[in-house]
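J.: One structure follows; several queries about it will come next.
There are 2 protein chains.
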Amino acid sequence: MNPHQKQVDLAKAYRLLNHGPTVLVSARHEGVDNVMAAAWCCALDFSPPKLTVVLDKATRTRELIERSGRFVIQIPTAAQLQLTNQVGNHSLKDAPDKLAKAGVELFNIPGHDLPFVQGCSAWLACELIAEPHNQQAYDLFIGEVVGAWADDRVFRDGHWHFEDADPAWCSLHHVAGGHFYAIGDALKAE
Amino acid sequence: MNPHQKQVDLAKAYRLLNHGPTVLVSARHEGVDNVMAAAWCCALDFSPPKLTVVLDKATRTRELIERSGRFVIQIPTAAQLQLTNQVGNHSLKDAPDKLAKAGVELFNIPGHDLPFVQGCSAWLACELIAEPHNQQAYDLFIGEVVGAWADDRVFRDGHWHFEDADPAWCSLHHVAGGHFYAIGDALKAE
């Protein structure tokens, strides 16, 4: 157990996603765990917190989510750049050792039968809100956030602290191919 | 006309949104133009390019989109921090001079009966794909991107060049209240 992992008030869970980071999506069904990267994940509502994520029909993670009805959205760090790119480029269908090869280590959170990825800055446990038309026509999945946690070295008191943290904690923002940007300077509007 | 505004290949339009910036949403109906800020906007498909955006029922921009069936998603810059925060915090319903007060200047693009915001780094002209259930239940709107443009001082050859551009061109990533982050360093995975 990472002693820095602290629960986040569900009313502030949207803040974990609001700045548009690329995420890791993980799921479990009948003993199979998988993790994929997704740039197309977005907050959808404040209370109860909801989010959307686009999951291609070719992905194994989508199958696990459709069967189990739950998933985790977690926010990888700049230190996890290679891991994030690798789980985004390889499928468990072709590479059964995908997670080990990418260096993914999973952990459990009591009360949630889900695989959480170690080393991330934040984790959102979600229950699928079934919307078959969206899923089939647009590959668009809606989740209700039922648990949220963050590492207090970079998110605490309901706010990100990228500006005070080691740059290795920066969120990743994917553009295309292996090209990403890290999150940058804090700006305050009047 | 800004001579740096160049058309973006629709196949690469998703790259304008992929890194998760906060956007400005604009729309026009029967002589009324409006602009609002939205952090909850996300790419949905590559070809034809589609996107999602969450529009609260209280917003005037949503009404204009529901009536006209079209809208613009544009990407504001760090230089537009105050403008972005202002159009996100005030409604045209209460402040008829909202756009002037926030310093918003609009321009036209031939062939598109839409208000585009000057000074942004990129613009996506969208046609609403009507999905009444999503709109009513989740405030979730889907648009098909029918035209895309970017300022070649920060996006050219299908790629963002934040690392070479003046920091004033950085995209904005909203967290909460007046708190934003600018996009940061480029990172390349192997």
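Sequence order for the protein chains is H and V. For the first sequence, the numbering used here begins at 1 and goes up steadily by one. For the second sequence, the numbering used here begins at 191 and goes up steadily by one. Backbone N, C-alpha and C fix where the C-beta goes; we use that ideal spot for every residue, glycine too.
(1) How big is the Cα-Cα spacing for A76 (chain H) and F155 (chain H)?
(2) Could you tell me if R218 (chain V) is buried or exposed, where buried requires 16 or more neighbouring beta carbons within 10 angstroms of its beta carbon?
(3) In the DSSP assignment, find the unbroken beta strand (DSSP E) run with S216 (chain V) in it and report its ends.
(4) For P322 (chain V), name the three-state secondary structure that DSSP assigns.
(5) Quick one, which residues of the region 272 to 287 of chain V are near chain H if we go by CB-CB under 7 Å, in chain order?
(6) For R257 (chain V), is the classification buried or exposed, using 16 other Cβ atoms within 10 angstroms of its Cβ as the cut-off for buried?
(7) Between D235 (chain V) and chain H, is any beta-carbon pair separated by less than 9 Å?
(8) From what residue to what residue does the beta strand (DSSP E) around E380 (chain V) run?
(9) Can you give the Cα-Cα distance for C41 (chain H) and L206 (chain V), rounded to whole angstroms?
(10) Indicate the three-state DSSP secondary structure (helix, strand or coil) for R343 (chain V) in the structure shown.
(11) Determine whether the Cβ of G158 (chain H) lies closer than 9 Å to any Cβ atom of chain V.
(12) Measuring only between beta-carbons, confirm whether A290 (chain V) sits less than 9 Å from chain H.
(13) Got a sec? Which residues, its chain only, sit under 7 Å from G278 (chain V) by beta carbon, not counting five neighbours each side?
(14) Can you pull the DSSP bridge partners for L114 (chain H)?
(15) Label D341 (chain V) either buried or exposed according to how many other C-beta atoms from any shown protein chain fall within 10 Å of its C-beta, with 16 as the threshold for buried.
(16) Determine the DSSP secondary structure at S258 (chain V), reduced to helix, strand or coil.
(17) Of all the options V:L234, V:T212 and V:L377, which has the alpha carbon lying nearest to the alpha carbon of D56 (chain H)?
(18) Helix or strand or just coil, what does DSSP make of K93 (chain H)?
(19) Would H364 (chain V) and V175 (chain H) be called neighbours here (beta carbons separated by less than 9 Å)?
(20) For F46 (chain H), which residues from the same chain have a beta carbon less than 6 Å from its beta carbon, with the 5 sequence-adjacent residues on both sides left out?
(21) In its own chain, which residues sit with a C-beta less than 6 Å from the C-beta of N192 (chain V), not counting the 5 before and 5 after it?
(22) Where E353 (chain V) and A376 (chain V) are concerned, what is the direct C-alpha to C-alpha distance, given to the nearest angstrom?
(23) Would you say V222 (chain V) and Y328 (chain V) are within 9 Å of each other, going by their C-beta atoms?
(24) With DSSP as the reference, label G198 (chain V) as helix, strand or coil.
(25) Does any residue of chain V have a CB that is nearer than 9 Å to the CB of D139 (chain H)?
(26) From this set, H:E63, H:D166, H:N108 and H:L81, which residue's C-alpha is nearest S91 (chain H)'s C-alpha?
(27) Using CA atoms only, rank isn't needed, just tell me which of V:D199, V:G301 and V:K196 is closest to R260 (chain V).
(28) On the DSSP bridge list, what partners appear for H161 (chain H)?
(29) When you compare only the Cα positions, how much space is there between F306 (chain V) and G103 (chain H)?
(30) Determine the DSSP secondary structure at K57 (chain H), reduced to helix, strand or coil.
(31) Candidates H:F141, H:V146 and H:D94: which alpha carbon is nearest D113 (chain H)'s?
T.: According to the structure shown:
(1) Taking the first residue of the first sequence as 1, we reach residue 76 (chain H) at position 76. Taking the first residue of the first sequence as 1, we reach residue 155 (chain H) at position 155. The sequence shown places Pro at residue 76 (chain H), rather than the Ala named in the question. Whole-angstrom Cα-Cα distance: 13 Å.
(2) To locate residue 218 (chain V), count along the second sequence from 1; it is residue 28. Of the other Cβ atoms in all chains shown, 16 or more fall within 10 Å of the Cβ of R218 (chain V); this residue is therefore buried.
(3) As a first step, residue 216 (chain V) is located in the second sequence; it is residue number 26 there, counting from the start. V213 to H219 is the span of the beta strand (DSSP E), which, as asked, contains S216 (chain V).
(4) Taking the second sequence and counting its residues from 1, the one referred to as residue 322 (chain V) is at position 132. In this structure, P322 (chain V) counts as helix in the three-state DSSP scheme.
(5) Residues are counted here when their Cβ sits less than 7 Å from a Cβ of chain H; for the region 272 to 287 of chain V these are Q272 and N275, given in chain order.
(6) Walking along the second sequence from the start, residue 257 (chain V) turns up at place 67. So R257 (chain V) counts as exposed.
(7) The residue you call residue 235 (chain V) lines up with position 45 of the second sequence. Closer than 9 Å: yes.
(8) As a working mapping, residue 380 (chain V) is identified with position 190 in the second sequence. Judged by DSSP secondary structure, E380 (chain V) falls outside any beta strand (DSSP E); it is assigned neither H nor E.
(9) For the purposes of this step, residue 41 (chain H) is taken as the residue at position 41 of the first sequence. For the purposes of this step, residue 206 (chain V) is taken as the residue at position 16 of the second sequence. Each residue's Cα considered, the two are about 15 Å apart.
(10) Locating residue 343 (chain V) in the second sequence gives position 153, counting from the first residue. Three-state DSSP puts R343 (chain V) in coil, outside helix and strand.
(11) The sequence position of residue 158 (chain H) within the first sequence is 158, counting from 1. For G158 (chain H), the nearest CB of chain V lies under 9 Å from its own CB, placing it at the interface with that chain.
(12) Locating residue 290 (chain V) in the second sequence gives position 100, where the first residue counts as 1. Output row for A290 (chain V): interface = no.
(13) Position 88 of the second sequence, counting from 1, holds the residue named residue 278 (chain V). Excluding its 5 nearest sequence neighbours in each direction, G278 (chain V) has C-beta neighbours in its own chain below 7 Å: M226 and A227, listed in chain order.
(14) Looking up residue 114 (chain H) in the first sequence gives position 114. None, per the DSSP bridge assignment.
(15) Against the second sequence, residue 341 (chain V) aligns to sequence position 151. Burial call: buried.
(16) Start at 1 with the first residue of the second sequence, and residue 258 (chain V) comes out as number 68. Three-state DSSP puts S258 (chain V) in a helix.
(17) Start at 1 with the first residue of the first sequence, and residue 56 (chain H) comes out as number 56. From the listed residues V:L234, V:T212 and V:L377, the smallest Cα separation to D56 (chain H) is found for V:L234.
(18) Position 93 of the first sequence, counted from the first residue, corresponds to residue 93 (chain H). Reduced to three states, the DSSP call for K93 (chain H) is coil.
(19) If you number the second sequence from 1, residue 364 (chain V) lands on position 174. If you number the first sequence from 1, residue 175 (chain H) lands on position 175. For H364 (chain V) and V175 (chain H), no; Cβs fall outside 9 Å.
(20) The residue you call residue 46 (chain H) lines up with position 46 of the first sequence. Excluding positions up to five away in sequence, the list reads Y14.
(21) The residue labelled residue 192 (chain V) in the question sits at position 2 within the second sequence. Correct list: empty, nothing qualifies.
(22) Here residue 353 (chain V) refers to the residue found at position 163 of the second sequence. Here residue 376 (chain V) refers to the residue found at position 186 of the second sequence. E353 (chain V) and A376 (chain V) have their C-alpha atoms roughly 6 Å apart.
(23) Sequence index remark: in the second sequence, residue 222 (chain V) carries index 32 (1-based). Sequence index remark: in the second sequence, residue 328 (chain V) carries index 138 (1-based). Contact check for V222 (chain V) against Y328 (chain V) fails: the beta carbons are separated by 9 Å or more.
(24) The residue you call residue 198 (chain V) lines up with position 8 of the second sequence. Residue identity differs from the one stated: residue 198 (chain V) is Val in this sequence, not Gly. In this structure, V198 (chain V) counts as coil in the three-state DSSP scheme.
(25) Here residue 139 (chain H) refers to the residue found at position 139 of the first sequence. Judged by the 9 Å Cβ criterion, D139 (chain H) is in contact with chain V.
(26) Stepping through the first sequence from its first residue, residue 91 (chain H) is reached at position 91. It is H:E63 whose Cα lies nearest to the Cα of S91 (chain H).
(27) The sequence position of residue 260 (chain V) within the second sequence is 70, counting from 1. Residue V:G301 is the option with its Cα nearest to R260 (chain V).
(28) Numbered from 1 along the first sequence, position 161 holds the residue referred to as residue 161 (chain H). According to DSSP, H161 (chain H) bridges with nothing at all.
(29) Here residue 306 (chain V) refers to the residue found at position 116 when the second sequence is read from its first residue. Here residue 103 (chain H) refers to the residue found at position 103 when the first sequence is read from its first residue. Taking the straight line from one Cα to the other gives about 45 Å.
(30) On the first sequence, position 57 is the one that residue 57 (chain H) refers to. In this structure, K57 (chain H) counts as coil in the three-state DSSP scheme.
(31) To locate residue 113 (chain H), count along the first sequence from 1; it is residue 113. Cα-wise, what sits closest to D113 (chain H) is H:V146.
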